[in-house]
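As structure tokens, the structure follows; a few thoughts come after it.
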Amino acid sequence: MEDYEKVFAAVETLLSENDGFECYKFKVGTYNEAVLSSFKLPYDDDTFAILVLNTPKMFETSFKTWLQSKKLPGEMVLDVAERILHPIQDFMTEKLSAVPKTLPDYPLEIIHDFDLTPTRRPKILMCTCGHIAGAAYYVRPQQLFTAPEDIDILFPQKPEKPIIGVSLHHKYGGHFAFRAVYIFPTVKVPPTFKEMSPQHNLKTKSSMEEVLQLFNSHWRDGRFRDCGSPIERYSKIQLDYFALPPAERWEVIKEWFDNDT
Ligand code: B12
230 MEDYEKVFAA VETLLSENDG FECYKFKVGT YNEAVLSSFK LPYDDDTFAI LVLNTPKMFE
290 TSFKTWLQSK KLPGEMVLDV AERILHPIQD FMTEKLSAVP KTLPDYPLEI IHDFDLTPTR
350 RPKILMCTCG HIAGAAYYVR PQQLFTAPED IDILFPQKPE KPIIGVSLHH KYGGHFAFRA
410 VYIFPTVKVP PTFKEMSPQH NLKTKSSMEE VLQLFNSHWR DGRFRDCGSP IERYSKIQLD
470 YFALPPAERW EVIKEWFDND T
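According to the numbering used here, the residues represented by the sequence shown are 230 to 490, in order.
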């Protein structure tokens, strides 16, 4: 077994499908080929990397168990809420830090989806990683529109933010989130290495246009997540949680502590 395969097997064991995670292999060169120079990663082309995403299952399995374990004896749920201000972010940071601890012989860089460069650009573009690693198909506006007026027809009322693309997972549609990328500078892939191709269930151009519209103009109602024929979705409690601003989210999950003493 090559080094990159050993590393991948170890990471997949730590971040398992049962806990609501999926891992995908790619090489830095494939990502760097797709993005503009300001987003390129400063590693050799054959450097091994792993993309991690969470599936709908994560919320009520590994995340719930982790959060419940943070309540100390005698504490009220409010005490936990005061201590853990960003539950998902804290959970991910702790969970993902298991990889460097388990693989001390392999130096790595971990880049989270929310990490920014000093000039406040995203450190890595997750949807591009997802596409090139075969995790989720990235529907990009540039792929659908050749002329600028095409965009105006689809978006007669311009959204507040720039129009961006959206990724769909072949099993979960939009019911998933990219979480992080591990880069292993000392682990190289052989010239024969090839990433998986992203699969998708969008048969027509108009179904691609629809998901772009839903994501850019109506993302608050979450309908974009149901595009691409998902076979498993976020539960109601999970949708409610992510629909609220972070300060109000604890209200939705406080019932997880109801039976505790
Ligand atoms: C900045 C950001 C925001 C900002 C600004 C969004 C905007 N409209 O501009 C804010 C905070 C408003 C935001 C909001 C949301 N976001 Co947001 N956001 C991001 C973030 C951090 C970066 C996106 C970005 O700026 N891209 C920059 C542009 C330049 O990238 P690009 O258009 O893809 O261009 C590159 C590609 O085209 C590539 N390229 C060129 N040619 C080719 C060819 C091929 C084949 C390929 C593959 C690529 C490729 O090169 C270009 C760069 O050089 C990503 C996470 C991340 N680290 O990637 C999440 C992310 C895009 N957001 C996400 C989500 C879910 C949301 C929300 C719905 C959040 C929510 N509360 O539920 C909302 C609504 C989104 C909206 N309609 O705007 C998800 C999308 C998941 C998905 N299924 O696609 C992401 C990926 C986060 C995640 N963890 O999963 N977001």
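In this text, a Cβ means the ideal position worked out from N, Cα and C, and glycines have one as well.
LEU431: beta carbon under 8 Å from a heavy atom of the ligand B12? no
task: Please determine, among ASP344, LEU345, VAL328, PHE343, the residue with the shortest C-alpha to C-alpha distance to LEU337.
output: Selection ASP344, LEU345, VAL328, PHE343 evaluated against LEU337 yields VAL328 as nearest (Cα-Cα).
Beta-carbon contacts of ASP275 that lie in its chain and below 7 Å, excluding the five residues immediately before and after: LYS256, GLY258, LYS417, VAL418
Proximity winner among GLU438, ILE353, PHE471, relative to VAL281 (alpha-carbon distances): ILE353
* Mapping DSSP to helix, strand and coil, what is HIS341? -> strand
Between ASN445 and the ligand B12, is there a pair consisting of the residue's CB and a ligand heavy atom that are separated by less than 8 Å?
yes
* Strand pairing of ALA406, partner residues [DSSP] -> ASN283
Note down the Cα distance separating VAL410 from TRP485, rounded to an integer number of angstroms. 30 Å
query: Where ASP487 and ILE393 are concerned, what is the direct C-alpha to C-alpha distance, given to the nearest angstrom?
result: 41 Å
Q. Can you list the alpha helix (DSSP H) stretches of 4 or more residues lying completely in the stretch 268 to 329, in chain order?
A. Taken in chain order, the complete alpha helix (DSSP H) segments of 4 or more residues contained in the stretch 268 to 329 are 293 to 298, 306 to 312, 316 to 325.
| request: To the nearest angstrom, report how far apart PHE320 and THR294 are at their CA atoms. | output: So the alpha carbons of these two residues sit roughly 10 Å apart.
Check: Can you tell me the Cα-Cα spacing of LEU373 and ARG478, whole angstroms?
Finding: 36 Å
With a threshold of 8 Å (Cβ to nearest heavy atom), would CYS252 be considered close to the ligand B12? no
If you draw a straight line from the C-alpha of GLN297 to the C-alpha of LYS432, how long is it?
-> Those two C-alpha atoms are separated by around 42 Å.
*Identify the residues that DSSP records as bridge partners of PHE250: which are they?*
ASN283
Item to complete: Name the residue from PRO351, GLY451, GLY359 whose alpha carbon lies nearest to the alpha carbon of GLU424.
Response: GLY359
Check: What residue from THR348, PHE292, TYR260 has the CA that sits closest to ILE317's CA?
Finding: PHE292
* To do: Please classify HIS447: is it buried, with 16 or more other beta-carbons within 10 angstroms of its beta-carbon, or exposed?
  => Under this definition HIS447 is an exposed residue.
**Request:** Tell me whether TYR470 is buried or exposed, calling it buried when 16 or more other Cβ atoms sit within 10 Å of its Cβ.
**Result:** buried
Any chance the CB of MET209 is under 8 Å from a heavy atom of the ligand B12?
Nothing about residue 209 can be reported from this structure: the residues present for the chain run from 230 to 490 only.
| Thinking C-alpha only, which one of PHE250, TYR272, GLU311, GLU289 is nearest PRO475? | GLU311
ask   = Beta carbon of GLN442: closer than 8 Å to some heavy atom of the ligand B12?
value = No; taking the cut-off as 8 Å, the Cβ of GLN442 has no heavy atom of the ligand B12 nearer than that.
query = Given LEU468, which residues of its chain have a CB within under 7 Å of its CB, disregarding the five upstream and five downstream residues?
reply = GLY451
Backbone CA spacing between MET287 and PHE250 [nearest angstrom]: 7 Å
message = Let me check understanding here. Comparing Cα to Cα, which of LYS434, GLU438, VAL481, ILE412 lies closest to PRO271?
response = Closest by alpha carbon: ILE412.
- Query: If you draw a straight line from the C-alpha of SER464 to the C-alpha of PRO420, how long is it?
  - Reply: 42 Å
**OP:** Locate the alpha helix (DSSP H) running through LEU473, then write down its first and last residues.
**Re:** Careful: LEU473 lies outside any alpha helix (DSSP H) and carries neither H nor E.
Item checked: Other residues of its chain near VAL440: CB distance less than 8 Å, five sequence neighbours each side excluded -> VAL368, VAL395, LEU397, GLY403, LEU431, PHE453, CYS456, GLY457
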